[in-house]
Structures are given as structure tokens and as C-alpha cells.
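Just so you know, the UniProt record's numbering puts the end of the sequence shown at 298, numbered straight through with nothing missing. Glycine included, C-beta positions come from ideal geometry on N, C-alpha and C. Notes to accompany the following structure.
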Amino acid sequence: RIEAVSWNPRVFIYHNFLTDGECRHIKRTAAPMMKRSSVVGQNGSSVTDNIRTSYGTFIRRRHDPVIERILRRVAAWTKAPPENQEDLQAGRGEGGREKERVLRYGIGQKYGAHMDSLIDDSPRMATVLLYLHDTEEGGETAFPDSSSWLTPDLATRMGPFSECAQGHVAFRPKKGDALMFWSIKPDGTHDPLSMHTGCPVVKGVKWTATSWVHSMPYAYDRYISHDGEPGACTDLHDMCTVWAAAGECDRNPVYMSTHCGPSCKTCEKCASETDLPCINRNRERLGFMVYDQAELDA
Numbered sequence: 001r002i003e004a005v006s007w008n009p010r011v012f013i014y015h016n017f018l019t020d021g022e023c024r025h026i027k028r029t030a031a032p033m034m035k036r037s038s039v040v041g042q043n044g045s046s047v048t049d050n051i052r053t054s055y056g057t058f059i060r061r062r063h064d065p066v067i068e069r070i071l072r073r074v075a076a077w078t079k080a081p082p083e084n085q086e087d088l089q090a091g092r093g094e095g096g097r098e099k100e101r102v103l104r105y106g107i108g109q110k111y112g113a114h115m116d117s118l119i120d121d122s123p124r125m126a127t128v129l130l131y132l133h134d135t136e137e138g139g140e141t142a143f144p145d146s147s148s149w150l151t152p153d154l155a156t157r158m159g160p161f162s163e164c165a166q167g168h169v170a171f172r173p174k175k176g177d178a179l180m181f182w183s184i185k186p187d188g189t190h191d192p193l194s195m196h197t198g199c200p201v202v203k204g205v206k207w208t209a210t211s212w213v214h215s216m217p218y219a220y221d222r223y224i225s226h227d228g229e230p231g232a233c234t235d236l237h238d239m240c241t242v243w244a245a246a247g248e249c250d251r252n253p254v255y256m257s258t259h260c261g262p263s264c265k266t267c268e269k270c271a272s273e274t275d276l277p278c279i280n281r282n283r284e285r286l287g288f289m290v291y292d293q294a295e296l297d298a
């Protein structure tokens with residue numbers, strides 16, 4: 001069931017867009033490569049900033065049949081072909097604000113007020129947020145410059161809201177639901193009311209996945225590969241030993257620490273692939289999300 005929420009900005013809810021199985025699939029697919037989220041800096045590069053305090057990763061658009069099926073539904077809803085979508089962003093957070101790749105937010109984790117409509121040859125025209133987990137309190141997606149609900153009763157029916165979302169058009173995370181909003185107006189100009197924020201998670205955790213939809217095809221054949229488990233402490237390239245000897249561990253620490261851990265001596269060798277305490281120690285040391293299997297199965 002699709003429900004209009006606001007015309008200023010244009011916001012819609014698709015109830016039960018995902019099945020429970022699809023929510024679990026996205027979380028389990030994303031979890032191995034989830035790392036502290038970054039934002040786009042002034043020069044277009046990715047930077048870590050306190051505006052976003054969550055863990056996230058990207059899932060390729062054609063990663064597997066389940067992801068493809070979900071993104072075809074996104075295409076049908078937005079009336080834009082799949083090639084106009086970016087790779088699915090997933091994330092997890094707790095206690096703070098937000099933004100989806102797959103993203104995961106814990107208590108206090110956040111993504112501050114921002115715009116999604118990047119200015120380039122193929123701007124983002126719409127954002128579809130997929131909610132993968134029921135958040136106990138907080139974690140709303142709110143539009144701080146808009147209180148223009150389609151009907152007055154929606155504010156009460158969509159709530160109760162945390163302090164961050166009160167008085168604004170907002171939506172509480174509900175597992176399986178999807179939120180779509182447009183960053184541009186029908187005439188193609190930027191909609192300033194589309195500025196939005198991920199409210200702090202007050203209680204529980206928040207898992208989301210985001211599909212950004214462009215006005216034109218977007219890097220359709222460019223994929224972000226998913227390498228092996230970063231916490232397993234294995235060299236993922238046959239040149240790791242050579243690179244380490246040449247000093248690459250110091251010159252290129254981000255890549256080398258996650259792809260050539262043993263050669264760079266940046267990880268602890270685990271007894272087996274099921275040695276979860278060891279794997280989690282390595283993941284935490286490298287900045288990746290620590291596994292909570294019960295949460296992934298929820």
C-alpha cells in the first residue's frame with residue numbers, strides 16, 4: 001500500500017515494500033564489509049565526519065537475484081529504469097543520526113541535515129530509503145524545513161516521534177517499509193525542502209538501505225567488489241608480500257590494512273573461520289562493524 005505523506009517536499013510511504021526475508025538478506029549481505037560511514041567532502045572525495053556516525057557499505061546493483069528483484073521494484077515505483085540507480089547503500093547505527101548505503105545506526109549514531117541531489121551531469125532526483133529493522137525509539141527520517149503534512153492527522157498517526165522529529169514531516173523506521181522523496185521539483189529544479197536528517201537513535205538500532213535514483217543512467221557497469229571477510233586476517237592479493245616489503249603498508253595504509261593484513265602485521269591470525277571473537281577483534285581494529293548474529297537474524 002502506497003501512502004502520500006507530503007507535497008512539500010514530495011514524500012511517499014510504501015508499506016510492506018520488503019518481506020522479512022528480504023530485510024534479513026540485505027543485512028547479511030552487507031554485514032561483512034560494513035565500515036564507519038563517510039560523507040562527500042567539498043572536493044568530491046569521501047571523508048569521515050561527525051555529521052555521520054554509523055556503519056555502512058555498498059551492495060552492487062546486480063549482486064544477486066534478490067537484490068536485483070528489490071531494485072526492479074524500486075524502478076517500478078520511481079518510474080525510472082534500473083540503470084539510473086546507484087549501487088544499494090546499506091547501513092546500521094545506534095544512538096545518533098543517519099544516511100543508506102546499507103547503513104546501521106546504534107544508540108547516539110546519526111546523519112545530520114543534508115541534501116541528496118548531487119550537482120553533476122546526472123543529478124539524484126529521488127531517494128528510496130528501505131527500513132530493515134524495527135527501531136524502538138528515535139531514528140526517524142525527518143525534513144526539518146517542512147511541517148506540511150498532506151493531512152493533519154498524519155502527524156499523529158505516523159508518531160509518536162522523538163524530540164528531533166517533532167513538528168516536522170517525518171517517518172519512524174518500520175521494518176519492511178520504504179520511504180521515497182524527491183530532491184527535485186516537477187519542473188526539474190532543486191527542491192530545498194528535501195533537506196532531511198536521520199534523527200538520533202534513542203533506543204535500539206536502525207538498519208537502512210538506500211537507493212539513489214538519477215535523472216540519467218548512472219555508471220551502470222561500474223561495480224564495487226565485495227572482497228573476503230576483513231576480520232579473517234588473510235592476504236587477499238598474491239602481491240601482498242611484495243607490496244609490504246616495498247613499504248606500501250605505510251604509504252597506502254587504508255587498502256593494505258584491509259587487504260594485506262598478515263603481510264602488514266595489522267591483524268591477529270584467527271584459529272578458524274568460525275573464531276568469531278578473534279574475527280570481531282580484527283574487525284574492530286580495522287574500523288569494521290562488530291558482528292551481532294542475533295541482530296542480523298532479527
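Contact under 9 Å by Cβ, residue i with residue j
i           : j       : result
Glu-22      : Val-74  : no
Ser-263     : Trp-243 : yes
Val-205     : Thr-135 : yes
Asn-8       : Ser-148 : yes
Tyr-131     : Asp-87  : no
Thr-141     : Cys-199 : yes
Ser-54      : Arg-28  : no
Tyr-291     : Arg-283 : yes
residue 300 : Ser-211 : This structure gives no information on residue 300, because the portion of the chain shown stretches from 1 to 298.
Ile-13      : Phe-171 : yes
Tyr-218     : Glu-3   : no
Thr-208     : Ala-294 : no
DSSP state of residue i mapped onto helix, strand, coil
i       : result
Ala-165 : coil
Ser-263 : helix
Arg-97  : Here Arg-97 scores only 38 on pLDDT, less than 50, and its place in the model is too uncertain to base an answer on.
Thr-210 : strand
Leu-18  : coil
Asp-235 : strand
Tyr-218 : coil
Lys-27  : helix
Ser-45  : Caution applies to Ser-45, whose pLDDT of 49 falls short of 50 and renders its modelled position unreliable; the value that the coordinates give is listed next. Coil.
Thr-156 : helix
Supposed contact pair residue j and residue i - C-beta distance, whole angstroms, cut 8 Å
i       : j       : result
Phe-143 : Met-195 : 7 Å
Arg-124 : Val-213 : 7 Å
Residue(s) in a DSSP beta bridge with residue i
i       : result
Met-180 : Phe-12 and Val-128
Lys-269 : Lys-269 is not bridged to any residue.
Lys-203 : Glu-137
Ile-279 : DSSP lists no partner for Ile-279.
Glu-3   : Ile-13
* Which runs of the alpha helix (DSSP H) spanning at least 4 residues fall entirely within the stretch 59 to 89, listed in chain order? -> Uninterrupted alpha helix (DSSP H) stretches at least 4 residues long and entirely within the stretch 59 to 89 occur at 65 to 78, given in chain order.
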